[in-house]
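Each residue of the sequence shown is one higher than the one before, starting from 21 at the first, in my numbering.
Note that beta-carbon positions come from the ideal geometry of N, C-alpha and C, so glycine has one too.
This one's a predicted model, so the numbers in the text were calculated from it and none came from an experiment.
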Amino acid sequence: MLRFMLSEIMVIWGFPAWDPVPEVVRGKITNAISAYDTAVAEEEPFLDLLGPLYQELSSRGGKQQLGQFFTPWNLAKLMAHLTIPPDPLEDTSGRLIATCDPTCGSGVLMLAAASAVLEKEGGAALRQWSFHGCDVDPICARMMAIQFLANCASHRIEVGEVIVFRGDSLNLQAKKELITHASAPGLAVMPANAPGRQKLLADTARGAGVTPVTADSME
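Following this line, the structure appears as structure tokens:
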């Protein structure tokens, strides 16, 4: 049911259908989307709502197979407040400040980072930030995309850039599916397929102690 809800939300926003909704459950999906819209509007901006829902709906065995154990929101917020610099807008030379999660899950770490910037610096500061996410799970990749876009629309917040891929961040040769690439009005950003984006994903994975897959390493 969650995948149908995510697919229908993206169709409403003008994206191609991912998993068309069967007519027999369309009424339930419409009600679920309405409930999600209300929850986003009533909760604090960028709160991870879909991650806990996905974990509740998924079987424990399935999550173990994919390594899907999402960071709790309070811990994600703590990590964000500890890592976001006190004056993040200094010395950027007009460039966006990029942050990235190569295994983004529901997008909780990126959402928490956006929340921390909003609390520390205010909404205007978020126009200086670029949030990258990627996940092998197509549901997870779409959860991050939808949560960012829904929060920006509902709370009237402009984020510099949000880009989400579906694919294996560790395999530099594998083509990744672009889920969404959105930027604030008037900002010039790199194309979605710019090599620097793949390097950012790989460097972030390497910094987490994971060795990205290269052509040489696969021989």
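Notebook entry, point to check: Per DSSP, what kind of secondary structure is T50 in: helix, strand or coil?
Noted result: Translated into positions along the sequence shown, residue 50 becomes position 30. In this structure, T50 counts as helix in the three-state DSSP scheme.
Note to self: I'd like to confirm the pairing. Which residues does DSSP put opposite C120 in its beta bridges?
What the structure shows: Within the sequence shown, the letter at position 100 stands for residue 120. Answer is H152, bridged to C120.
Check: When burial is assigned at 16 or more other CB atoms within 10 Å of the CB, is T103 buried or exposed?
Finding: Looking up residue 103 in the sequence shown gives position 83. Residue environment: T103 is assigned as exposed (fewer than 16 neighbouring CB atoms within 10 Å of its CB, all protein chains considered).
Notebook entry, point to check: Taking the continuous beta strand (DSSP E) assigned at S203, which residues delimit it?
Noted result: Indexing the sequence shown from 1 puts residue 203 at position 183. Unbroken beta strand (DSSP E) run through S203: 197-203.
Check: Where does I183 fall in DSSP's three states?
Finding: Here residue 183 is taken as the residue at index 163 of the sequence shown, counted from 1. If DSSP states are grouped into helix, strand and coil, I183 belongs with the strands.
Margin query: Please report the straight-line C-alpha distance between S78 and N213, rounded to a whole angstrom.
Written below: Taking the sequence shown and counting its residues from 1, the one referred to as residue 78 is at position 58. Taking the sequence shown and counting its residues from 1, the one referred to as residue 213 is at position 193. About 32 Å.
Item checked: Counted within 10 angstroms of its Cβ, other Cβ atoms place R46 as buried (16 or more) or exposed -> In the sequence shown, counting from the first residue as 1, residue 46 sits at position 26. That one is exposed.
Next item on the list: Assuming S126 contacts G71 (C-beta within less than 8 Å), just tell me the rounded distance between them.
Entry: For the purposes of this step, residue 126 is taken as residue 106 along the sequence shown, with counting starting at 1. For the purposes of this step, residue 71 is taken as residue 51 along the sequence shown, with counting starting at 1. Yes, S126 and G71 are in contact; Cβ-Cβ is about 3 Å, under 8 Å.
Notebook entry, point to check: Relative to the alpha-carbon of R5, which residue among T224, A208, G187, K140 has its alpha-carbon at the smallest distance?
Noted result: Lying before the first or after the last residue shown, residue 5 is absent from the chain, which here runs from 21 to 239.
Notebook entry, point to check: Does the beta-carbon distance from S150 to I117 come in below 8 Å?
Noted result: Working through the sequence shown from its first residue, we reach residue 150 at position 130. Working through the sequence shown from its first residue, we reach residue 117 at position 97. Between S150 and I117, the C-beta spacing is below 8 Å.
Check: When you compare only the Cα positions, how much space is there between F168 and I49?
Finding: Reading the sequence shown from its first residue, position 148 is the one you call residue 168. Reading the sequence shown from its first residue, position 29 is the one you call residue 49. Straight-line Cα distance between these residues: approximately 20 Å.
Check: Can you round the beta-carbon distance between D68 and W93 to whole angstroms, since I take them to be within the 8 Å contact cut?
Finding: The residue labelled residue 68 in the question sits at position 48 within the sequence shown. The residue labelled residue 93 in the question sits at position 73 within the sequence shown. Their Cβ separation, rounded to whole angstroms, is 5 Å, which keeps D68 and W93 in contact under 8 Å.
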